[in-house]
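Q:
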Amino acid sequence: MNNLELRKHANDVRKGIVTAVHSAKAGHPGGSLSAADVFTFLYFEEMNIDPANPQKEDRDRFVLSKGHTAPGLYSALANRGYFPVEDLKTLRKLGSYLQGHPNLHIPGVDMASGSLGQGISAAVGMALGAKLDGRDFRTYTLLGDGEIEEGQVWEAAMFAGHRKLDNLCVIVDNNGLQIDGPIDQVCSPYPIDKKFEAFNFHVINVDAHDFDALRAAFREARETKGMPTCIVLHSLKGKGVSFMEGSVDWHGKAPNDAEYEIAMADLNKIGEELEKEGEA
Amino acid sequence: MADVKKIATRESYGNALKELGAEYPQLVVLDADLAAATKTGIFKKAYPDRHIDCGIAECNMVGIAAGLSLVGKIPFVSSFAMFAAGRAFEQVRNSVGYPHLNVKIGATHAGITVGEDGASHQCNEDIALMRTIPGMVVMCPSDDVEAKAAVRAAIEHEGPVYIRFGRAAVPVINDRPDYKFEIGKGSVVREGADVTIVATGICVDSALGAAEKLAADGISAEVINICTIKPLDEDLIVSSARKTGKVVTVEEHSVIGGLGSAVCDALCAQLPTPVKKLGMQDVFGESGSASALVAKYGLDAEGVYKSVKEFLA
Chain A
1 MNNLELRKHA NDVRKGIVTA VHSAKAGHPG GSLSAADVFT FLYFEEMNID PANPQKEDRD
61 RFVLSKGHTA PGLYSALANR GYFPVEDLKT LRKLGSYLQG HPNLHIPGVD MASGSLGQGI
121 SAAVGMALGA KLDGRDFRTY TLLGDGEIEE GQVWEAAMFA GHRKLDNLCV IVDNNGLQID
181 GPIDQVCSPY PIDKKFEAFN FHVINVDAHD FDALRAAFRE ARETKGMPTC IVLHSLKGKG
241 VSFMEGSVDW HGKAPNDAEY EIAMADLNKI GEELEKEGEA
Chain W
281 MADVKKIATR ESYGNALKEL GAEYPQLVVL DADLAAATKT GIFKKAYPDR HIDCGIAECN
341 MVGIAAGLSL VGKIPFVSSF AMFAAGRAFE QVRNSVGYPH LNVKIGATHA GITVGEDGAS
401 HQCNEDIALM RTIPGMVVMC PSDDVEAKAA VRAAIEHEGP VYIRFGRAAV PVINDRPDYK
461 FEIGKGSVVR EGADVTIVAT GICVDSALGA AEKLAADGIS AEVINICTIK PLDEDLIVSS
521 ARKTGKVVTV EEHSVIGGLG SAVCDALCAQ LPTPVKKLGM QDVFGESGSA SALVAKYGLD
581 AEGVYKSVKE FLA
C-alpha cells in the first residue's frame with residue numbers, strides 16, 4: 001500500500017479514536033494516537049490477516065500488551081473491516097462488545113489484555129507455539145514505554161531471547177509519557193534499546209510516524225533470524241490532535257464536546273491536505 | 281495398615297502427564313525450574329521437546345501458557361502452589377481466567393505437608409484464590425488413583441483447571457474396581473448417620489481414620505470425598521447433611537475460603553446446618569516433618585476424631 005493511502009487510513013483511525021473516547025466520556029486517547037500509525041501499518045500492510053475470517057488459522061497474531069490503548073486497536077480493526085466503524089461510539093458502554101480493554105469477544109482481537117506486562121508473555125507463548133509446530137505465522141505485540149517498568153516484561157524478554165524466537169516482534173511505543181509524568185522522571189526505563197539488546201533482541205529504533213521507516217523496520221524484523229526483534233517507536237503522544245500532542249494530561253482523559261470539535265477539525269484538516277496531496 | 285501403598289500425588293501427576301503425552305500430541309508442560317520437585321521431569325524425560333522450562337519466572341510462565349493455548353496447545357503449567365496460585369494469581373486471573381483459556385495448572389507442594397521448608401512455601405490459600413476466578417475448575421485429589429483421574433479429566437475438559445497436589449507420600453485409598461471419576465462429582469466413601477465429614481485431598485484418609493475411631497465410640501460418621509471443590513457437588517453434601525444434621529469439613533488449607541467455606545456457602549443457601557471447619561485456623565504453618573505438622577494442626581485421624589467428638593458433645 002502506498003504511503004498516502006496509509007496516511008489516510010491512519011487519519012481515519014485517529015478520527016475513530018477521538019470519536020470513541022469522546023462518546024465513552026473515558027478512555028486513553030494519548031497512547032492510542034501515538035500508536036495510530038503502527039496500528040495502521042500492521043493491519044493495512046504488514047500482517048497476514050483476513051477481516052472476513054478473523055480466526056484464520058495461520059494468520060499473524062497481534063497482542064496489544066498496552067491494552068489501555070484499545071481505542072487505537074478497535075479503530076484500526078473497524079477501519080480494516082472487522083466490524084462497523086459506527087460501533088466505535090459504543091466503546092465502554094454497558095452492553096457493548098467494545099470493552100474498556102480488549103477481550104476475546106471482539107472480532108480480530110487475539111488476546112485479552114489490559115493488565116500491563118501480561119500481553120507480551122502471551123505473545124511469546126504464541127510465537128513459541130508456532131516454533132514447536134513448525135508453523136510460519138508471525139506474532140506482534142505492542143507495549144507502552146511505561147509498561148516496560150513491569151518486571152514480567154523482562155521475564156518474557158529473557159525467555160524470548162533465550163529461545164531465539166525470531167518469529168516474534170516486540171514493539172515499544174516510546175512516547176515518553178506515563179500517567180504520573182515523563183517516564184524518565186517517574187522511573188526511567190532508558191535506555192530501552194540497550195536493555196532489549198542485553199536480552200538478546202535485535203533492536204531497531206524508528207520514527208513512529210514515518211511509513212517508509214516503519215516499512216523498512218518491519219522488513220528488517222522479518223529478515224532477522226536467530227533472535228527476536230524489538231522495534232522502538234519514537235512517537236509523539238496525542239499525535240494528530242493539536243492540544244493533545246506531547247501532553248501527559250491526555251493519557252487517560254476524554255475530550256468534552258468543545259474539545260472534540262477542535263480535535264475533529266484538526267483531523268479533518270489533515271484529511272483535506274491528504275486529499276489535495278492525492279490530487280496533486 | 282503398615283502395608284498400605286503410599287504415593288505422593290505430585291508423583292501421580294508426573295506419571296499421568298507422561299501417559300497422556302502419547303494420547304495428546306498437543307499436550308505441553310511448562311515448569312519454572314522445579315521439574316524434579318513437581319515431577320514434570322517424568323514427562324520431560326519422555327517428551328523433552330514438549331517440556332518447556334521457563335526459568336524462575338512463574339508470572340511469565342502463566343502468560344506463555346495462555347499464548348500456547350491460543351495457538352492450539354494444551355499447556356499444563358507447574359510450580360509449587362505458593363507460586364502458581366499465589367505469586368501468579370493475577371496472571372491466572374487476567375491471562376487465563378478472563379479469556380477462559382484451555383490452560384491447566386498443576387500445582388504441587390500445597391498445604392503444610394510441604395514440611396521442613398516452612399511457612400513461606402506452605403500454601404494454604406490456593407483453593408480460596410482459585411475458587412474466586414469465574415469458570416475455573418478447582419480440584420484437590422486424595423490419592424494416586426484420584427490424582428491420575430483428575431489429570432485425565434482436566435485434559436478432557438475445555439477451559440481452565442487448577443489441580444492441587446501434595447509433596448508427601450499418602451495412602452492409596454481409591455484403588456477399587458468400581459472407582460469412577462467425574463469433574464464436579466463427590467463420593468460417599470463411608471456411609472453413616474450421625475455426622476457428615478466432608479474432606480478433600482490428603483484429609484480424606486484422615487477422615488476415614490477418624491470415622492473408624494468414632495465407630496468404636498458408637499458414632500456413625502458419613503465420609504464424603506470432595507475432589508472437585510469447584511464446581512462443588514452441592515446435591516451430595518446437602519442430601520448427606522439432611523440425613524445427619526451436622527457437618528464437619530476437613531482440609532489441608534485455610535478455613536477461610538477453601539472447602540469449608542464452599543460447603544458453608546452451599547448449606548447456607550439450601551439447608552442451614554451447623555458446620556465445624558477443620559483446617560489451618562487463620563495461621564501460618566512452620567517447619568517440621570509433614571506427619572508432625574498434620575498432627576500438630578489436628579488434621580490427622582486422631583485430630584479429626586477429637587474435633588468431631590467435641591463438635592458433637
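Respectively, the protein sequence lines represent chains A and W.
The opening residue of the first sequence carries number 1 in the numbering used here; numbering runs sequentially from there.
The opening residue of the second sequence carries number 281 in the numbering used here; numbering runs sequentially from there.
The beta carbon of each residue, even a glycine, is placed where N, CA and C say it ideally should be.
1. Look at the alpha carbon of residue 151/A and the alpha carbon of residue 143/A, and state the distance between them as a whole number of angstroms.
2. State yes or no: is the beta carbon of residue 223/A nearer than 8 angstroms to at least one beta carbon in chain W?
3. For residue 440/W and residue 33/A, I'd like the C-alpha separation in whole angstroms.
4. Buried or exposed for residue 400/W, going by 16 or more other Cβ atoms inside 10 Å?
5. In chain order, what residues of the same chain have a beta carbon less than 6 angstroms from the beta carbon of residue 103/A, not counting five sequence neighbours either side?
6. Identify the continuous alpha helix (DSSP H) that holds residue 5/A and give its terminal residues.
7. Chain A beta carbons: is any one of them nearer than 8 angstroms to that of residue 326/W?
8. Can you list the residues of chain A that residue 344/W reaches, using a CB-CB cut of under 8 angstroms?
9. According to a CB-to-CB cut-off of less than 9 angstroms, which residues of the stretch 349–371 of chain W neighbour chain A?
10. Comparing the C-beta of residue 52/A with each C-beta of chain W, is any distance below 8 angstroms?
11. Just to confirm, are residue 470/W and residue 502/W a CB contact at a threshold of 8 angstroms?
12. Please confirm whether residue 38/A and residue 168/A have their CB atoms less than 8 angstroms apart.
13. Below 8 angstroms between beta carbons: does that hold for residue 381/W and residue 346/W?
14. Within the chosen definition, does the stretch 551–558 of chain W reach the stretch 409–417 of chain W through at least 3 CB pairs nearer than 8 angstroms?
15. What residues of chain W sit near residue 104/A, judged by a beta carbon separation below 7 angstroms?
16. How far does the beta strand (DSSP E) with residue 307/W in it extend, from its first residue to its last?
17. What's the gap between the Cα of residue 576/W and the Cα of residue 545/W?
18. Could you say which of 11/A, 255/A, 61/A lies nearest to residue 79/A if we only look at CA atoms?
19. Whose C-alpha, out of 580/W, 511/W, 592/W, is nearest the C-alpha of residue 528/W?
20. Of all the CB atoms in chain B, is at least one closer than 8 angstroms to the CB of residue 340/W?
21. Taking the alpha carbon of residue 305/W as the point to measure from, which residue in 287/W, 355/W, 341/W, 322/W has its own alpha carbon closest?
22. To the nearest whole angstrom, what separates the beta carbons of residue 264/A and residue 18/A, a pair I think is in contact under 8 angstroms?
23. Among 71/A, 90/A, 106/A, 223/A, which residue has its Cα nearest to the Cα of residue 15/A?
24. Given a cut-off of 8 angstroms, decide if residue 43/A and residue 76/A are closer than it, judged by their beta-carbon atoms.
25. Run down chain A in chain order and give the residues with a C-beta less than 8 angstroms from the C-beta of residue 386/W.
26. Residue 110/A touches chain W at which residues, Cβ-Cβ below 8 angstroms?
27. For a contact defined as C-beta to C-beta under 7 angstroms, what are the partners of residue 578/W on chain A?
28. Going along chain A, which residues have a C-beta under 9 angstroms from residue 335/W?
29. Checking contacts by CB at 8 angstroms: is residue 55/A closer than that to chain W?
30. Strictly below 9 angstroms CB to CB, what residues from chain W border residue 152/A?
31. If I follow the unbroken alpha helix (DSSP H) through residue 113/A, where does it start and stop?
32. Is residue 118/A close to chain W? Criterion is C-beta to C-beta, closer than 8 angstroms.
33. Excluding the 5 residues flanking residue 438/W on each side, which residues of the same chain have their C-beta closer than 7 angstroms to its C-beta?
34. Tell me the rounded alpha-carbon separation between residue 201/A and residue 221/A.
35. Give a yes or no on whether the minimum CB-CB distance between residue 374/W and chain A is below 8 angstroms.
36. Along chain W, which residues have their Cβ under 7 angstroms away from the Cβ of residue 115/A?
A: Judging by the given coordinates:
1. Your numbering for residue 151/A matches position 151 in the first sequence. Your numbering for residue 143/A matches position 143 in the first sequence. Residue 151/A and residue 143/A have their C-alpha atoms roughly 13 angstroms apart.
2. Sequence index remark: in the first sequence, residue 223/A carries index 223 (1-based). Taking Cβ atoms only, chain W never reaches closer than 8 angstroms to residue 223/A, which makes this a no.
3. Start at 1 with the first residue of the second sequence, and residue 440/W comes out as number 160. Start at 1 with the first residue of the first sequence, and residue 33/A comes out as number 33. Going from the Cα of residue 440/W to the Cα of residue 33/A covers about 35 angstroms.
4. Within the second sequence, numbered from 1, the residue matching residue 400/W stands at position 120. Counting Cβ neighbours within 10 Å, residue 400/W comes out exposed, since fewer than 16 surround it.
5. The residue you call residue 103/A lines up with position 103 of the first sequence. Excluding residues within five positions, the ones whose Cβ falls inside 6 angstroms are 112.
6. Translated into positions along the first sequence, residue 5/A becomes position 5. Run containing residue 5/A: 3–24, per the alpha helix (DSSP H) assignment.
7. Here residue 326/W is taken as the residue at index 46 of the second sequence, counted from 1. Not closer than 8 angstroms to any Cβ of chain A, the Cβ of residue 326/W fails to qualify, so no.
8. For the purposes of this step, residue 344/W is taken as the residue at position 64 of the second sequence. Correct list: 121, 122, 124, 125, 128, 156, 159.
9. 349, 350, 351, 352, 353, 355, 370, 371
10. Here residue 52/A refers to the residue found at position 52 of the first sequence. Not an interface residue.
11. Translated into the one-based positions of the second sequence, residue 470/W becomes position 190. Translated into the one-based positions of the second sequence, residue 502/W becomes position 222. Against a cut-off of 8 angstroms, the Cβ pair of residue 502/W and residue 470/W comes out as a contact.
12. As a working note, residue 38/A is residue 38 in the first sequence. As a working note, residue 168/A is residue 168 in the first sequence. No; because the gap between Cβ atoms is not below 8 angstroms, this pair is not in contact.
13. Walking along the second sequence from the start, residue 381/W turns up at place 101. Walking along the second sequence from the start, residue 346/W turns up at place 66. In contact: residue 381/W and residue 346/W (Cβ atoms closer than 8 angstroms).
14. no
15. Numbered from its first residue, the first sequence carries residue 104/A at position 104. Correct list: 379.
16. What you label residue 307/W is simply residue 27 of the second sequence in a count that begins at 1. Counting along the chain, the beta strand (DSSP E) containing residue 307/W begins and ends at 307–311.
17. For this step, residue 576/W is matched to residue 296 along the second sequence. For this step, residue 545/W is matched to residue 265 along the second sequence. Using only the alpha carbons, I get a separation of about 28 angstroms.
18. As a working note, residue 79/A is residue 79 in the first sequence. For residue 79/A, the nearest C-alpha among the options comes from 11/A.
19. As a position in the second sequence, residue 528/W is number 248, starting the count at 1. Just measuring C-alpha positions, the residue of 580/W, 511/W, 592/W sitting nearest residue 528/W is 592/W.
20. Within the model displayed, chain B is absent; protein chains A and W are what it includes.
21. Position 25 of the second sequence holds residue 305/W. Among 287/W, 355/W, 341/W, 322/W, the Cα nearest to that of residue 305/W is on 355/W.
22. Position 264 of the first sequence, counted from the first residue, corresponds to residue 264/A. Position 18 of the first sequence, counted from the first residue, corresponds to residue 18/A. Contact holds; Cβ gap of about 6 angstroms.
23. Against the first sequence, residue 15/A aligns to sequence position 15. Nearest of 71/A, 90/A, 106/A, 223/A to residue 15/A, Cα basis: 71/A.
24. Locating residue 76/A in the first sequence gives position 76, where the first residue counts as 1. Locating residue 43/A in the first sequence gives position 43, where the first residue counts as 1. In this structure, residue 43/A lies closer than 8 angstroms to residue 76/A by Cβ.
25. Translated into the one-based positions of the second sequence, residue 386/W becomes position 106. Per Cβ cutoff of 8 angstroms: no residues; residue 386/W is ~17 angstroms from chain A at best.
26. What you label residue 110/A is simply residue 110 of the first sequence in a count that begins at 1. Those within 8 angstroms of residue 110/A in chain W are 350.
27. Within the second sequence, residue 578/W is the residue found at index 298, counting from 1. Ordered by position in chain A, no residue passes the 7 angstroms Cβ test against residue 578/W, which lies about 39 angstroms from the chain.
28. Within the second sequence, the letter at position 55 stands for residue 335/W. The contacting residues are 155, 158, 159, 162.
29. Numbered from its first residue, the first sequence carries residue 55/A at position 55. False, the Cβ-Cβ gap to chain W never drops below 8 angstroms.
30. Here the question's residue 152/A lines up with position 152 in the first sequence. What residue 152/A touches in chain W: 337, 339, 340, 343, 371.
31. The residue you call residue 113/A lines up with position 113 of the first sequence. Looking at the DSSP string, residue 113/A is not in any alpha helix (DSSP H), and its letter there is neither H nor E.
32. For the purposes of this step, residue 118/A is taken as the residue at position 118 of the first sequence. It does; some Cβ of chain W falls within 8 angstroms.
33. The residue labelled residue 438/W in the question sits at position 158 within the second sequence. Setting aside the 5 residues that flank it on each side, residue 438/W is surrounded in the same chain by 382, each with a C-beta closer than 7 angstroms to its C-beta; the list follows chain order.
34. Here residue 201/A is taken as the residue at index 201 of the first sequence, counted from 1. Here residue 221/A is taken as the residue at index 221 of the first sequence, counted from 1. Distance between the alpha carbons of residue 201/A and residue 221/A: 10 angstroms.
35. Counted from its first residue, the second sequence places residue 374/W at position 94. So, interface residue.
36. To locate residue 115/A, count along the first sequence from 1; it is residue 115. Ordered by position in chain W, the residues that pass the 7 angstroms Cβ test against residue 115/A are 370, 374.
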